[in-house]
Every structure is written in structure tokens, then in C-alpha cells.
Amino acid sequence: MSSGVLEVRDVQKTFGAVTAAKDISVSVPQGSIYSLIGTNGAGKTTFVNMVTGYIKPDAGIINFGGRNIAGLPPRQITRLGIHRSFQIAQLCNELTVEENMLVAGAIHGQTRPSFLRRSDDAQARERAMATLERFDIAEHRNRLIPELSGGVKKLLDIAMAMAGETQIMLLDEPTSGVAADEKFPIMDLVINALRNEGVTVIFVEHDMDIVNRYSERVLAFYDGQIIADDTPDVVLSDTEVQRYVTGAPA
Amino acid sequence: MDLVATILVDGLIYAGWLFIVSVGLTLVFGVLNILNIAHGSLYAIGAYASASLVGAYFAAGGDAFPYGSYIAMILAAVLVAVVLGPLLERGLLRYFYGRNEVLNVLVTYAVFLILEDVMKLIWGVNPYFVYEPYTLLGTVEMGSLFYVGYDFAVIAAAIIVGLAVWLTLNRTQIGKVVLAVIHDAEISQTMGVNVKRIYLGAFMAGAFLAALGGALTAPMISVTPGLGVNVIIVAFAVVIIGGLGSVPGAAIGALMVGISRAASVHLLPEAELFIIYFVMAIVLVFRPEGLFAKTQARKI
Amino acid sequence: MMRFSVFTYAAVGFVVLAAGAIVLPDWAMFLFAMALAKGLVCLGIVGMMRGGVVSFGQGLYYCLGAYTATLAANFLGVSDIFLLTLLSAAVCLVVGLVFGPLLSSYRGIFFAMLSLALSMVLYGSLSKMSFIGGTDGLNIGAPTFLGWAPEGRPLQTALYLYVVTIVVISGALMRVYFDSEQGLITLATRDNELRVEYLGASVRNVMAYNYVFGALLGGIGGTIAVLALGHVDPEFAFWTTSGEFVFVAILAGYLSVPAVFVAAIILELVRSFSNLYFPNTWQLALGIFLLIVIVALPGGLGSLVSRRKGQDT
Amino acid sequence: MMTRKTGIAGALSALALTASLATPAAAEDDTFKIGVITFLSGQAAESFGVPAWNGGKLLVDMLNEGGKLPAPYDTVGFGGMKIEVVVVDEAGGATKQVQEFRNLVQREEVDAVVGYVSSGDCLAIPPVADELKAFTILYDCGTPRVFEDNSFEYVFRTAAHATMDNVSLARYLKSRDFDVPSFAGLNQDYAWGQDSWADFKGAMSQLYPDAEEKTALFPKFGAGQYGTEISALLREKPALVHSSNWGGDLQGFLIQATARGLHKRSQLVLAAGDHVIPQLQDKMPDGIFLGARGVNGLAANARGGELKELTDTMWTAYEAEYDTFPVQAPFRMWQAIFGLKTAVEKAMADNGGTKPTDEQLAAAMSGLAWDAPSGRIEMALAGGHQAIQPNAIGTTKWNTETGKMELVDVEYYNARCVNPPEGMKSAEWLAQGFPGAQCD
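Protein chains in written order, with my numbering: chain A, 1 to 250; chain B, 1001 to 1300; chain C, 2001 to 2313; chain D, 3001 to 3440.
Here is the structure:
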């Protein structure tokens, strides 16, 4: 199995009485762009959390790069190249945008983090600025996180995840908490940046227009199961999906 | 009377006392999220107040009805809570809500230092005694041993206090509100709960319990300066073991400490000094948040 | 903006402090030496504060270092100050490496209380060991400096300059560490552990590093303190001792290294004078001073002089 | 950045400046300045520190006034010099005390230091005193280690060490031929309690070799709760329970023990128990054997003899001032100050009447002997640096007519009967069965 392919097989997860994942099986090829849809509690975020190690599946296999990563701690999964963003952007509020980026850079640097090398030496800042510019938030570099708009926070969140060698990027509701008029520009920015690097993208989304426009393939979740796995037009016109997920004809 | 039984009785008596002095601490932490070192001072002040009040009671011819001295003791605890509760909570602690909990430990440490000297200024360094309440209930013979009836009264008091706190929290309207505040003060605020009043109430309750502990202890000791410092760490250990903010936890913690201490006194006297910290360390190693701590997962 | 190398600051700091050897009267030089020694311990706590935890049990290493030096001096006949410092540092390093990984999974009040419990266990054990003085403790003779054995003022001066040198070196090293990549990751951890984990760094390692550094500094501080005092007892590990270290750390804040030592000196001066001028109410005075500091300087002294806006701890 | 550093630097030098400026002038030649260190806060304040200094203050005032006391103490102050005092709280541990000692000597420039109740402080201070060549009197603390492990030039202890207390207790039992099949102990869990128990055990193994040693309990210092310990003692039924507890710990123990009838089941013997009598009054059960760490308090009052006038003067003055009678602590403070007065005046006689230096004081003090309300004090041990003094043990008896606690069946012990001879460690002395003891 070539690296970069994410192979999820028969994954189960229950929280007490609630079934969050039932026989989840899906195979995500290198470089493709998947979106996950479904009502709240359908199992989208659980899926993301299991793949990225926040939750340990009760059973099943998550194959990546030829090894089963199910149950590994986030730290190790990240080191393997699977990165994620968060519904609520996870940033360091006491640090500036640039410093946040420097943290990511320090951890993802070619060598182990040094106790001597200045965190803000020219080279490190260069790298940080480059990433910030790639996501078009360089002008905010000296501001503290709480001063930022929802959109910028999201971008920084993703930019930090992208500081390392990323093969798969899972975006958990990249446009939630983002002003309506910012949603599309942000998605353009992110998807282009990721596509250019040949990163496999899996994003959770409620806005069907975005799903339609950016994803090559859609996984529809309902009650912890995948009820549809196909191209957007097929899935969104699926009657079952309309009944349980989108709620209205596409 | 055989050893095991003795250990259990002694452990129980000590645990009863421990519970009374530590339940207030855990309550205050649960609601205000402040680990209150000044709890020890409130304990000491309670002891002084009850010594003075009971003394005054007998001076005023209380011998006619000596049992009235128990009422005087409880009155003393109430007095401490009513006077110092608002003073400390409204006057000082409220400015530190939401701040770092270790910083708050230091704030209360400062209060502790201040109160230590304030007590000296009010009561001087000479000891206060009030034995009457201690001997009033006579002695109980168990096998070859004599126990003081008062010791069992303390156990009873501990049980009453425990039930009262638990029932108030779990069976009353106000209790539900308090639990809501414990769970999330901000949300409760938005839902129209007067968090201010809850905080004040909880702190006064904690102060009352601390003072009550002192008031109940006063008759069996001589009330002297430096009384508080010895209580704090013990109470800390108990609530840490039981899990901060958990009333049942405080009960279990008190029992564990009480009985292990009794056992060590009877079987291995050398170990008594640090048996408490030993139990605490062991528990924390296996249950990092204490026995009854509630761990909440983080939404991401 | 223009940056001067940390060594420039170290030089400035050394000159300023060393000047004390000339301007300070004997009693003050001793007081400063003690304050600086304790400052080292507090610097360790500040390192942990940057990671978001505060140890209420640094007395453990302060005491361990002091006893190691004393026992080495009394039973192995070691009197060289450098050797003694190395010995206690080594012992504390080992113990720190044992407890560090254990404590690294604790946060907030639990970290504080577990570290406190550990130091109180040491306190209890030492109090029991009457063959090394129990609660009365032990005396240690004056140290020698590579064979040179001064007395009186020269001894005090030598000790003072020694602690100043150690302070400047460890201060500079800690500054370098704080400004390093690892140092920034530590700050990020204090801020958002989840993010750090998802960036692929081990939060537990971050915590363990800081704890071990704290142990080292604590041991060195304890060694110098006991050499200056000439006496050690289990009180070194008592919770009130640790509480004082925490207070200095809070008073200093985690932003500026020199602030730590200024804070330590201020506390010693306040204590010494309040104790003399209000023998009956010095605790009251100290408590009020503590409150004023906490209220007036939420970010610590460091926040007065540092660019980043201060936080609670 | 630079400004930040210089800011700190500025702060530092400012501190240094305040420190160097705040140095008051030394005492004038017509006054003699003593630094007094004793407990003003914490547990030891009410039992030792405060009564001791109450007594000390009283005596200093009487001396400064002059003519208040019988000869040879009827002269003003110390050899005509007025006595000036700086008091420091002993609470806070040895670390703090070493700093305070340096401050007293180097900042306050006192002529002599008199202080220290805590054994820990008494061990920590002497090396510093010698380093600073500062004449120092340890007036109260008990541990023999001070001069047995080291020798000091400028440090003197004007009170006998604690071995005396427990040897006297054992001798008292013997001389009243009290039958001791078994004995147990309850002592505070710190050096004082541990050492006292060791001494008592040592003395008993000599005088009562067949007595069975039962449990040795060491409740935490300041524990307050003794229920469990008392149960243990009640179960074991020892014929004798030894305790060196003091202050609140002793009061609490006695209250709880008597309530549970321990004193009826076992004979209580208290190494230093006299000082709780004024507080406990009739709550102190009758028939307890107790000492006062010297012929102090009630024992001194009951002794009479040629020191009666001196003793009664101090006794009545103290009772008049504080309307309670003086217990052991003021007596030890008095013998320290009387000793210092004697030493100063001896030194002045030798140096032609000028204010003596620390060296001259030390020379005058070593081997000195003088009278105090507690009896004849002789600096007989440790090359004239450690005092020995007579001791007394008695039995408590409440006098219902006067409403006062009395000490009956008091036995007085010659200093050389209950103290080891010069050049012998007390531990060895006990182990070898009191060689060279002179009892008669």
C-alpha cells in the first residue's frame, strides 16, 4: 500500500450508550480532497479525532504509510505526517501570530528543538514568515491572538499545522466561526495551498455549497455510519442523504 | 479491647475531627476554586472564639445548665463565619476569582500570616481553657479502655455536618444552583444565577465549618498561638486525597488518614510524623486528581 | 530592534552585583548572599512557571542539596566549595530525573500539592534521623576555595562573589534557554498544551525538563545557603520554606531573570527589617507586603521592565 | 532591552544603598546593649519566650534603677552602665535566626547577645558567634550537643543541659523507692522529645535495669490530639509514663489523659512540667512527679536557704507585675542576666573599669560561678562554657484552702549529682552508670 493513502477498516467507537462510529471503512487516496458531512453527533468529528489520535477506537484498523496508527498518541501521528486543524482554533493566546508560527517551526524543524538556538533567529523567522505569507496573514504577525478575526485565527491554525511535512490534513469545520463573506476566500486560499503541495485533504463541513465546490469526494455520516461515499453531485442528490443530512433537495 | 477494634475506634474519632476541619476547605475550593490556607487561621479563631464564649457562659453562671456551653460553641463558629466570611470574601478574595489557583494559594497564605498576628493582638499569647464541655458527657468504658463521651459526640457532629452538606448540595434548590455554579460559573451567571451570593454563601459556610472544627477542638486542648498552622497541611492532605471539591472524597480521605494514623501509632509509632504525606503521595501517584475527582474532557 | 548578546547583560549584572562586595556592610552582604542563593531556587520555579506549573516543594531540592553538602563535609571531609556544589547538584539531578517524569503529568494545584507532599516526606524522614541531628540539624564548617581557606570578612566576600558568579552564570544560561526554541515551546505549552501535542512535541518532556532544571538550581541554591549559614535542618524542606520560594517567583514574574534575584533580595530586606522593627507583628507586616505585591504587580516585577504584558504566573 | 537591564541594575544598587545606609550607631560607652532573642510568637511564646522576657524586662528595669536587689546585685545596671535591650522574635527557624544574629551584631552592634530556647538555634548560632567574635549567652535551650560536639570561644550556656532533667526524674523515683516494673513514653516528635526520651531510658536502665520498656510514642509537635496515643498507653498499662512535652502539647495531653483516667492507671512523670501549672491550676492532677529544668518556680520558692532573699525579691516583684508566679523560664533568663552582670563587672575590675570587649567578657565568663534565684550556677563544663546547676523534683498537690497548686515531697539534687563531670559526654556518662556523680 503506497504511503499517503489512509485506509480505515471496520472502526468502532461507542461512548456509553451512544454509538459514535459503527463499522467505519473508507480508503482515501493520495492527493484527493474529501469532505465529511452529517448532522451534529453523526460521527464526523469522532472520525477526525480517531484518525488524529485524540480518541482511541474500540476496534478496527487505521492504516497509514503501511502501519496501523489506531490508538497512537496525537504526537506520533503528527510526526507521521497526519495533521489537523480544529473547530475552535487552537492557538497560544499569550503569544503573537509570528511567535505561534515560530513554535510550529521549532517543533517541526529539521533538527530536534534546541535549548540554545534562539527561537527567533533570522532563519527561523524567515521560515515562519514564508508560511504566514502563504496563508496571507503575514501582516498580522505582531498581533496577539485575541485581537484577531475568526477567519485569521482559522488560517493561522491551519498554517501552524502545515509547518511540518504534511501528507494528510484534516480540517475540522474550517469555516465555522468565520464571517460569511470570508468563507469562500479562506477556502480558496487553504485548498489551493494544500493542493499545490499535493496534500491529501479531509474536511468536515456543514455548508453544502462549500462541500460542492471544494471536495472531490464526500462521505455522508449518519448515526455513526457512512451512508454515502461518492462524488459531491451523487451524494448530495442521494435521497437518503437529503433526508438524514442536508435536509433539503440539493 | 483488641487491637483492631482500638485502631478502628481511635481512627474513627480522629477521622471525625479531620472531616470537620477539611470539609469546609473542599467546599470552598469546589465553589470558589481557591485552596484556602487561611482555613487554618479560621480554625484557630474558631477555637479562641469558642473558648472565650464558653468561658463567658460559665462566668455568667452557666453551671446551672452546662449543656448550654455546646450552644455557645456553635454560636462562636457562626460568629466567626458572619464576621470574617464577608470580610475576606467580599473584601479580598473576590478580586482573585479566575486568577491562577497557585497565586490564590499565596493570597490566602498572606491572609494566614496576617490573621496569626491579629489573633495574638486580640487574645494575647496566654492559653485559653474550657474543659467543661469535654468532661460533661462522662467517659465510656470499652473493654479495658476508657473513652471520653465527647469524642463520640465529635464523630456524631462529623456525620451530621457531612449529611447536612451533602443533602444541601444534592437535595435542595439552592444546592442545585451551587452545583451549577461549581460546574460553570459563567453559564450560571448568564442563566440569572446570582453567582456573587453563591460565592459569599459558600465561603461563609466554609469559614463556619473551619471555625466549628476549632470550636469543637477547643475544650480538649489549650488554645494557644500557632494552633492553625498544624491543621492546614493535614486538611490539605485529606482533601487532596479525596479529590478537591468532593464532599464524599473528604469523608473517605479523613477515614483513610485517620485510620492509617491510628494504625501507625499503635503498630509503628516512628512513622506517625509523615504517614499522612505518605498516604497522600501514594494516592496521587495512582489517582492524580484524588479519589473522587471529576475529570472533564476538553472540547476541541 | 537592536539586540545585545546575553553575555553583555551577564557582564553588567556581574559588575553590579560584585560591586556589592565593596559597598555592602557585612550584615547586608550576608543577607544578599542568602537572598541570591534562594533566588537560584526561585529561578527554577520561574522556569516551571513558564511551562504553566508551580512547585510548592522546591524545599525538597534546597534541603537535599544542603544536606548533601553538609554530610559530604562532615563525613567525607570534603570542604572545597566547587566540589560540594558539584556533589549536591549531581544528587539533585538524579533525584530530579526520578521524580521529573512522574510529576510531568500533573498540572495546577495537583502538581503543587504532590511536589509539596514529596518535600514533606523528606522533612519527616530527616526529622526522624537523630543520627544526623534530627530536627536540630547539623553544622557545616566554612568552605575552602581550591585549597584557600579564608576567615572573617574575606570568607564572606569570597562566598558572596562565589554566589554572584553562580547566579550570573545560571541566570545567563536560563535566559538563553528561555529565548531558545525549547523555551518558546515551553511558553506555548503553558498556553495551549493541546496545540503543542498536535504539533508533535511531548508536553511531558517539556515539563520534565523544567522540573529537572528546577531540581539542579534548587540543589545548588541549598548548597550555597548552607555554606553561608553554616547550619542545616529539616526546616529547609518544610512547606513554609517552599512557600517563600513560590512567593519570590510570583513577585518576580516569569518574564525577567534579574527580577527573580531583585525579588529575593527585597523579600529578605523586608523580612529582616520588619522582624526588627515589629518583633511582635512581623508576620502581619510580611502578609500585608505580600498582598500589596500580588495586587499591585499581577505580572510580577518583571512586567515593569519587560515588553510582553504580564500574566498571573 | 538595554533600559530594562539597567532598570534592574538600578533597582539592585538602590537596594544596596538602602541596606548600607540603614546602619544605626553603636551603643554609647555608658550603656551596655544586649540583643535578646526569644519566642514572641508560635507555640513556645506562651510557655517560655514571653514569661522569660517578662522576667528579663523586670530584672533589667530593677538593675537600671539600682538598689532593688540584695548584694552583690544592688549596684546599678552592669558596672554602672545602663542596660539597653533589643528584642527579636525567635520564631521562624534557624536560618532566620542566623541572619537575625548577624544583624544584631553587625547592624545593631549589640555588646552581647542573650537568647535561644530552641536547640536547633543553639546549634546554628555558636559557629557564627565565634566567626564574628560576638559574646553570646545561650540562656535556655537543652541539647547537650552544643558543647559536646564542638567547642566555642565566645559562646556560653548559663543553664544546665537537658540530661539533668531526666537523670533527676530517675533518681527521684529511686529515692522514693517507687516500683517501676515497666515504663512508656510520650514525647514530641523533634530533637527535644527524642533526646529527653533517650536520656530517661538511659538513666532508667542504670537505676531500674529490670524495668520493661514499653511503647515510645512521638506525636507530631503541636498535634493537639492525643486520643490515639492515650489509647495505646491505656492498653499497654505501663507503671510509668514519661513525657517531656511542654506548652500546649503538654496541656492538651494532660487534659485528654486525665479525662480518660491515664493518671490513675500509670504514674505520670514530666521532665519540664512545672510551667503549665499556672494555666491548668486544679486541672493538673495530684501526684504527678515533675521537674522544672532546675530549681525553678515552685521548687525555688519552697527551698529557702541563703538564697531566700534574692528569690523572694524576684518572686514577689514578678507576681506583683504579672499577677502569676514565675515558672522555669524567667528563672533561666534571670540566671543568664545575673551571670552577665557578674561577668561584666569582673571584666571591668580586671581592665580598670572600662566597658569590656567581647574577649574580656569571654575571659571573665568562662569558669565563672554566681548566685541566682535558681541556686548556685557554675560554668563547670566544656572548659568553663557550660553551666551546671542544682535540680529539684517534686509531686503535685492541690491545696484546696489556698486554691493553689503546691509541690510536695520535693527532693533537691546537688548539681554534680545530676550533671556529668567535665570532659565526659552525657551519653557516655549515662551508659557508664553516672561515674563521678556526687550525691549527698
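All residues carry an ideal CB built from backbone N, CA and C; glycine is no exception.
For residue i, the three-state DSSP class (helix, strand or coil)
i       : result
A:Q30   : coil
D:T3023 : Because D:T3023 carries a pLDDT of 49, less than 50, the predicted location of this residue cannot be relied on, and the following value inherits that uncertainty. Of the three classes helix, strand and coil, the one that applies to D:T3023 here is coil, per DSSP.
C:Q2058 : coil
C:V2167 : helix
B:G1100 : The question names Gly, but residue 1100 of chain B in the sequence shown is Asn. If DSSP states are grouped into helix, strand and coil, B:N1100 belongs with coil.
C:F2238 : coil
D:W3246 : coil
B:Y1014 : helix
D:I3083 : strand
A:S35   : strand
A:A59   : strand
B:V1234 : helix
D:Q3386 : strand
B:A1293 : coil
Pairwise C-alpha distance: residue j and residue i
i       : j       : result
D:P3420 : D:G3367 : 16 Å
D:T3023 : D:L3340 : For D:T3023, the predicted structure reports a pLDDT of 49, less than 50, and the residue's modelled location is therefore unreliable. A value from the coordinates is still provided. Whole-angstrom Cα-Cα distance: 26 Å.
B:A1005 : D:P3209 : 34 Å
B:L1093 : C:P2298 : 14 Å
B:G1245 : C:G2052 : 22 Å
A:E94   : C:A2225 : 36 Å
D:F3331 : C:A2237 : 35 Å
D:F3434 : D:G3142 : 19 Å
B:S1264 : B:L1008 : 12 Å
D:L3138 : D:F3156 : 6 Å
C:A2252 : C:G2302 : 6 Å
A:L102  : B:E1089 : 42 Å
A:L36   : A:A193  : 20 Å
C:A2142 : B:L1084 : 49 Å
Contact under 8 Å by Cβ, residue i with residue j
i       : j       : result
B:A1047 : B:V1181 : no
D:I3288 : D:H3263 : yes
B:A1157 : B:I1020 : yes
A:C92   : C:R2195 : yes
B:V1165 : B:L1018 : no
D:I3277 : D:M3405 : yes
B:A1044 : B:G1228 : yes
C:E2244 : A:S119  : no
B:S1069 : B:V1080 : no
B:V1283 : B:G1290 : yes
C:V2257 : C:G2200 : no
C:I2185 : C:V2206 : yes
D:G3224 : D:V3295 : no
Rounded Cβ spacing between residue i and residue j (contact assumed at less than 8 Å)
i       : j       : result
D:S3196 : D:N3166 : 6 Å
D:R3293 : D:Q3335 : In fact, because the Cβ distance is near 11 Å, the residues do not count as touching under 8 Å.
B:V1102 : C:A2112 : 5 Å
D:V3269 : D:L3240 : 6 Å
D:V3050 : D:V3098 : So it is not a contact: roughly 23 Å between Cβ atoms.
C:I2045 : C:T2144 : 31 Å between Cβ atoms; not a contact.
D:V3105 : D:L3132 : 5 Å
Short CB-CB distance (under 8 Å) between residue i and chain G
i       : result
D:I3255 : In the displayed structure, chain G is absent; the protein chains listed are A, B, C and D.
Check: Mind pulling the beta strand (DSSP E) runs of 3 or more residues that sit fully within the segment 3322 to 3375 of chain D?
Finding: Correct list: 3369 to 3372.
Counting only runs that start and end within the segment 116 to 187 of chain A, where is the beta strand (DSSP E) found for 3 or more residues in a row? DSSP runs (the beta strand (DSSP E)) wholly in the segment 116 to 187 of chain A: 168 to 172.
May I have a chain-ordered list of the beta strand (DSSP E) segments no shorter than 3 residues that lie completely inside the segment 1125 to 1152 of chain B?
As far as the segment 1125 to 1152 of chain B is concerned, its whole beta strand (DSSP E) runs of at least 3 residues are 1139 to 1142, 1145 to 1148.
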